[in-house]
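Undergrad:
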Amino acid sequence: MGILNIFKGKSPEQHEARGDALFKQGAYGDARIEFEKAIDKIRRRYPEKKNLLEKITSKHREASEALSRSHVATGDEMVDAGDHEEALSFYRLALELTSDELFVSEVQAKINRLVSGADKKDTDTPKGESDEVEFGSSGLDDKVDENPASDGKDSDIAADDDAGEEDKNPEPLVLTDPAEPGAQSEDEIFTVLISSLPDHVQKVYARYGEAFKKGYISLNHGDFQKAVQQLSIAHEENAGSMTYIPLELATAYIHLRNFSKALELLDEYAAQNPYDIRVYQLFCELFWEEGSPKIAMARLSTAPESIRSEKAMQLLAGETLYRIGAYDAAENTFMQAIRIHGKDELLMRGLAKIYEARGEIVKARESYAWILNHNAGCGCSIDPFIKRRYADLCFKSGDRSARLLEIYFSLVTDDPDNLEETFSVIASIYEDKGNRAEAERYRALSGKAAARR
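What follows is the structure, given as structure tokens:
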């Protein structure tokens, strides 16, 4: 699941809410990423939200400081265990994150004590990678070969102009549980949830009543049984009017794997609203989940000709062809979309998946390199998943450069959930370069990361 989140995108407020939840859980690295996404989205799309930008920027600094102190605590543990070299690595990571001058002095003092008391010379370990690093600059051309082998009737229903909104590393929204002390009210949660929707959709959603509000909140919190119950009530309460409620109710049924009920709702909705791209997104969601991508492709072919060239529709077609295993046709679809709409992250991700499936490592790597360079160039936050896929493909193709080592060191901070894998690859790079001492050190750290899971 999750394709709808990709097309709808999250608002800055939703990224902020998720960042707050992750910070509360102690996942400071992940919280920083969410706050970065919120900041990036405000700068690109909502420059008028100056107060929100200031608030989230402050939260980003707070998460950075918390992560810095977490690294120092880990470094202290490494000192107690006698692993001074590993402690130095964590202390240095901490220095990159903090702007507290007093704390910088404390950490630097720890580093100085270790260096002065170390039996062996400190290694020139890369500290991490700047966003200004040019990916794919090892002599390979990172350009992708571009030569390929709603008019709604009701006031509530209109074409969704944000259908193609791209959002990196989409994930289910995490908001405070309404049952918890000090939790947000239902009205506040609902406002946050619908804030990423087009303005006209927000307005009509707010008119659908309390049952819809409760059902929509339940749907986004993963309580699909309650979502079906409340959205069904809302559907009955709004009978006779053309609404978006069938789409949300069908989404709940899909999550419950009640595909027949979902399909019944979608068929009825599509018959009256054939130009609404969201219904085709849900058709695909349903048949992908059911394991019938060929039927999904057939449904896409029933869409009016005038919307088939929309980027959202081409993304659906390309992804569906990929799931069928028709890689050449999928590639042609994404290439056609690029010719019409230009390169963007979602289209390049689609191409990268195809190239990986066909074993074309160089093309896949260059596609990921384009995404990384594009995001770095426009000041957007870089998705750790994309950075890892690029790095892993470089490693797989035999790259053992200092530049690649820097990328993996940056993943220690950017992707803390996969430290075991990161340290294992770092160890392999050192092993291949003949530095057995460093290889053993990072292999041991990989084992420690695995033990902490």
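Heads up: the sequence shown begins at 558 in my numbering, then just goes up one per residue.
Ideal Cβ positions, reconstructed from N, Cα and C, are used throughout, including at glycine.
From a predicted model like this one, the values you see are computed outputs, not experimental measurements.
Kindly indicate the opening and closing residues of the alpha helix (DSSP H) around Gly-991.
TA: Neither: Gly-991 is in no alpha helix (DSSP H) and is coded neither H nor E.
Undergrad: Report the option in Ile-852, Cys-937, Leu-950, Asp-940 whose CA atom is closest to the CA atom of Glu-923.
TA: Leu-950
Undergrad: Given Phe-650, which residues of its chain have a CB within under 6 Å of its CB, disregarding the five upstream and five downstream residues?
TA: This sequence places Leu at residue 650; Phe is not what is there. For Leu-650, where only same-chain residues beyond five positions count, the Cβ hits under 6 Å are His-628, Thr-970.
Undergrad: According to the neighbour-count rule (16 or more other Cβ atoms, all chains shown, within 10 Å of its Cβ), is Lys-944 buried or exposed?
TA: Classification for Lys-944: buried.
Undergrad: Tell me where the alpha helix (DSSP H) around Thr-890 begins and ends.
TA: 884–898
Undergrad: With Ile-939 as the anchor, note down where its alpha helix (DSSP H) starts and where it stops.
TA: Here Ile-939 belongs to no alpha helix (DSSP H), and DSSP marks it neither H nor E.
Undergrad: Put Ala-638 into one of helix, strand or coil per three-state DSSP.
TA: coil
Undergrad: Relative to the alpha-carbon of Thr-808, which residue among Glu-793, Gln-838, Ser-798 has its alpha-carbon at the smallest distance?
TA: The residue with the shortest Cα to Cα distance from Thr-808 is Gln-838.
Undergrad: Look at the alpha carbon of Arg-957 and the alpha carbon of Ala-948, and state the distance between them as a whole number of angstroms.
TA: 10 Å
Undergrad: Would Ile-918 and Lys-953 be called neighbours here (beta carbons separated by less than 8 Å)?
TA: Result yes, Cβ atoms of Ile-918 and Lys-953 sit closer than 8 Å.
Undergrad: So, is Lys-667 buried or exposed, given that buried needs 16 or more other C-beta atoms within 10 angstroms?
TA: buried
Undergrad: Does DSSP put Tyr-832 in a helix, a strand or coil?
TA: coil
Undergrad: In terms of residue numbering, what span does the alpha helix (DSSP H) encompassing Lys-783 cover?
TA: 781–794
Undergrad: Kindly list the residues whose CB is nearer than 8 Å to the CB of Glu-767, restricted to its own chain and excluding five residues on each side of it in sequence; keep chain order.
TA: Cβ neighbours of Glu-767 within its own chain (closer than 8 Å, five residues either side excluded): none.
Undergrad: Would you call the stretch 607–623 in contact with the stretch 976–987, where contact means no fewer than 3 C-beta pairs closer than 8 Å?
TA: no
Undergrad: First and last residue of the alpha helix (DSSP H) that includes Ala-584?
TA: Per DSSP, Ala-584 belongs to no alpha helix (DSSP H) and is neither H nor E.
Undergrad: Look at the alpha carbon of Thr-614 and the alpha carbon of Phe-592, and state the distance between them as a whole number of angstroms.
TA: 7 Å
Undergrad: Between the Cα of Ala-914 and those of Met-854, Tyr-879, Leu-962, spot the shortest distance and give me the residue it belongs to.
TA: Tyr-879
Undergrad: Tell me whether the beta-carbon of Ala-574 lies closer than 8 Å to the beta-carbon of Phe-580.
TA: For Ala-574 and Phe-580, no; Cβs fall outside 8 Å.
Undergrad: Can you tell which of Glu-642, Ser-662, Gln-829 has its C-alpha closest to the C-alpha of Thr-800?
TA: Gln-829
Undergrad: Is Gly-916 helix, strand or coil by DSSP?
TA: coil
Undergrad: If we count the other Cβ atoms within 10 Å of its Cβ and call it buried at 16 or more, is Leu-968 buried or exposed?
TA: Looking at its Cβ environment, which holds 16 or more other Cβ atoms inside 10 Å, Leu-968 is buried.
Undergrad: In angstroms with no decimal places, state the Cα-to-Cα distance between Leu-823 and Gly-934.
TA: 41 Å
Undergrad: How close, in whole Å, do the beta carbons of Ile-895 and Leu-904 come, if the pair is a contact with beta carbons under 8 Å?
TA: 6 Å
Undergrad: Can you list, in chain order, the residues of its chain with a C-beta nearer than 8 Å to that of Asn-975? Leave out the 5 residues immediately preceding and following it.
TA: Arg-945, Leu-968
Undergrad: Please confirm if the stretch 990–1008 is in contact with the stretch 637–652, defined as three or more CB-CB distances below 8 Å between the two stretches.
TA: Segment contact: the stretch 990–1008 against the stretch 637–652, three or more CB-CB distances shorter than 8 Å; contact assigned.
Undergrad: Going by DSSP in three states, Lys-910 sits in which element: helix, strand or coil?
TA: In this structure, Lys-910 counts as helix in the three-state DSSP scheme.
Undergrad: Could you tell me how far apart the beta carbons of Ala-874 and Thr-890 are, in whole angstroms, since I believe they sit closer than 8 Å?
TA: 5 Å
Undergrad: Short of 8 Å in beta carbon distance, which residues of its chain neighbour Ser-863, apart from the five on each side in sequence? Order them along the chain.
TA: If we look at Ser-863 and ignore the five residues flanking it on each side, its Cβ neighbours are Tyr-832.
Undergrad: In chain order, what residues of the same chain lie with their CB nearer than 8 Å to the CB of Pro-941, ignoring the 5 residues before and after it?
TA: Ile-590, Asn-726, Leu-968, Asp-971, Asp-972.
Undergrad: According to the neighbour-count rule (16 or more other Cβ atoms, all chains shown, within 10 Å of its Cβ), is Gln-571 buried or exposed?
TA: buried
Undergrad: Classify His-778 as helix, strand or coil using the three-state DSSP reduction.
TA: His-778 falls in the coil class under three-state DSSP.
Undergrad: Can you give the Cα-Cα distance for Pro-569 and Asn-992, rounded to whole angstroms?
TA: 45 Å
Undergrad: Can you tell me whether Arg-835 is buried or exposed? The criterion is at least 16 other CB atoms within 10 Å of its CB, across all chains shown.
TA: buried
Undergrad: In this structure, does DSSP put Tyr-965 in helix, strand or coil?
TA: helix
Undergrad: Would you mind sorting Asn-932 into buried or exposed? The rule is 16 or more other CB atoms within 10 Å of its CB.
TA: buried
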